[in-house]
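Asker: Quick note: the sequence shown uses the working numbering, first residue -9, plus one each step.
Where is the CB? At the ideal position from N, CA and C, for every residue including glycine.
These numbers come from a predicted model, not from an experiment.
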Amino acid sequence: MEERITSAIVRTYFEKLQNFLEVDLAIVGAGPSGLVAATALAKEGKKVAIFERLLAPGGGVWGGGMLFNEIVIQEEALHILEDFNISYKSAGDGLYTADSVEVASGLIFGAKKAGVMINNAVSVEDVVCREGRICGVVVNWTPVERLGMHVDPLVVMAKAVLDGTGHPGEITDLATRKAGIKIDTPTGKIMGEKPMWMELGEASTVENTKRLYPGLYVSGMAANNASGGFRMGPIFGGMFMSGRKVARMILEDIDG
Ligand code: 48H
Ligand code: FE2
């Protein structure tokens, strides 16, 4: 019995992995913007893999506001929650609340059911940049990263790479530092996140969601980090809308 259990896991895992070694879109970070983008593209029939450093995908959703496990969503983003069958309540003034555990698990479940491969406990430590294009991600197990073990990584090639790593904007940072690329921001460099300003932060998240370089896209807080947008606290509509926007842009680019 024991060997049959091991064999079943090994066989199905590697079948799954084999099918996702070359993808249309590699997303780094399974936060709200990454999960929404992944689901939208997978629903269009694209092959999408997400790489998430932590064991649990969901990013900053789980913690709500200061660990009070509710998040706020504005009216214009409710349709995205509805598409994931996630419930919400009115809080007045065009604001709504949703249980952060339901939102995180609902986004993860929706992405999975749409056909996204979610690689949890996998960190992206580098990118592939060739002939003026970002065309892959360099991956390793998070425990290997955390223990500082000298283990060489593997590579997943992609038509597009999305930096959905949240506040640190790790992939944009890697790409600008190591590949020396100039990105599509007013300075050509990473401008850094600005302090709290809820309304402007929500608007700038969507505005700053863009293609930074051929093959490299950015969403969510990583977009604000790249282009100098404000933070907004535990309101998440901007993150969801950023995911939808970047999915549309990537779809046009890879189909066009
Ligand atoms: C693999 C990685 C790597 C790596 C990071 O932070 P997130 O939730 O991302 P967003 O931008 O979709 O959502 C932001 C939102 O949660 C938030 O922080 C808000 C609204 N803040 C407002 C405020 O004022 O603070 O998720 C990013 C995910 C995390 O799960 C990381 O573990 C993961 O990316 N990640 N995964 N390889 N190199 N770097
Ligand atoms: Fe945050």
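If you measure from the CB of residue 265, is any heavy atom of ligand 2 nearer than 8 Å?
Answerer: Lying before the first or after the last residue shown, residue 265 is absent from the chain, which here runs from -9 to 246.
Asker: Is there at least one non-hydrogen atom of ligand 2 closer than 8 Å to the beta-carbon of residue 221?
Answerer: Answer for residue 221: yes, Cβ within range of ligand 2.
Asker: Sorted by chain position, which residues of the same chain lie with C-beta nearer than 6 Å to residue 25's C-beta, five sequence neighbours on each side aside?
Answerer: Cβ within range, chain order: 97, 101.
Asker: Looking at the structure shown, is residue 319 part of a helix, part of a strand, or coil, going by DSSP?
Answerer: With the chain covering -9 to 246 only, the question about residue 319 has no answer from this structure.
Asker: Identify the continuous beta strand (DSSP E) that holds residue 61 and give its terminal residues.
Answerer: Its beta strand (DSSP E) spans residues 60 to 64.
Asker: Shortest alpha-carbon distance to residue 54 belongs to which of 159, 224, 134?
Answerer: Nearest option by C-alpha distance: 224.
Asker: When you compare only the Cα positions, how much space is there between residue 28 and residue 168?
Answerer: Taking the straight line from one Cα to the other gives about 26 Å.
Asker: Start and end of the beta strand (DSSP E) containing residue 41?
Answerer: Its beta strand (DSSP E) spans residues 38 to 42.
Asker: If we ignore side chains and look at the alpha-carbon of each, how far apart do residue 191 and residue 197 end up?
Answerer: In a straight line, the C-alpha of residue 191 is about 10 Å away from that of residue 197.
Asker: Check each candidate in 138, 90, 63 and name the one with the smallest Cα separation from residue 83.
Answerer: Measuring from the Cα of residue 83, the nearest candidate turns out to be 63.
Asker: Let me check understanding here. Comparing Cα to Cα, which of 232, 202, 21, -8 lies closest to residue 176?
Answerer: Cα-wise, what sits closest to residue 176 is 202.
Asker: Would you say the segment 138 to 153 touches the segment 7 to 24, given that touching needs at least three Cβ pairs under 8 Å?
Answerer: Verdict: yes, contact present.
Asker: Is residue 14 helix, strand or coil when you go by DSSP?
Answerer: The answer is strand: DSSP assigns residue 14 an E or B state.
Asker: Between residue 194 and ligand 4, is there a pair consisting of the residue's CB and a ligand heavy atom that are separated by less than 8 Å?
Answerer: The ligand content of the structure shown is limited to ligand 1 and ligand 2, which means ligand 4 is not among them.
Asker: Distance check for residue 0 and residue 217, CA to CA, integer angstroms please.
Answerer: Using only the alpha carbons, I get a separation of about 43 Å.
Asker: Can you check DSSP and say which residues form a bridge with residue 147?
Answerer: BP columns for residue 147 point to 12, 126.
Asker: Would you please state the rounded distance, in angstroms, between the beta carbons of residue 133 and residue 115? I believe it to be under 8 Å.
Answerer: The pair is not a contact, with the Cβ atoms about 13 Å apart (cut-off 8 Å).
Asker: Determine, using beta carbons only, whether residue 71 and residue 80 come nearer to each other than 9 Å.
Answerer: No, the pair does not count as a contact, with Cβ atoms beyond the cut-off.
Asker: Would you say the beta carbon of residue 140 is closer than 8 Å to some non-hydrogen atom of ligand 2?
Answerer: The answer is no for residue 140.
Asker: Going by DSSP in three states, residue 171 sits in which element: helix, strand or coil?
Answerer: Three-state DSSP puts residue 171 in coil, outside helix and strand.
Asker: I think residue 23 touches residue 239, with their Cβ atoms under 8 Å apart; what is that distance to the nearest whole Å?
Answerer: Wrong, their Cβ atoms sit about 13 Å apart, outside the cutoff.
Asker: Let me make sure I understand the geometry here. Which of 180, 45, 186, 157 has the alpha-carbon closest to that of residue 210?
Answerer: Answer by Cα proximity: 157.
Asker: Nearest by alpha-carbon distance to residue 141: which of 120, 164, 113, 126 is it?
Answerer: Per the Cα distances, 113.
Asker: Taking 9 Å as the cut-off, decide whether the C-beta atoms of residue 152 and residue 93 are in contact.
Answerer: No.
Asker: Mind checking whether the beta-carbon of residue 96 lies closer than 8 Å to any heavy atom of ligand 2?
Answerer: Flag unset: Cβ of residue 96 not near ligand 2.
Asker: Could you tell me the distance, in whole angstroms, from the CA atom of residue -5 to the CA atom of residue 2?
Answerer: Looking at the two C-alpha atoms, the distance is approximately 11 Å.
Asker: Return the chain-ordered ranges of every alpha helix (DSSP H) run that is complete within the segment 78 to 132 and spans a minimum of 4 residues.
Answerer: Fully enclosed alpha helix (DSSP H) runs of 4 or longer: 90 to 103.
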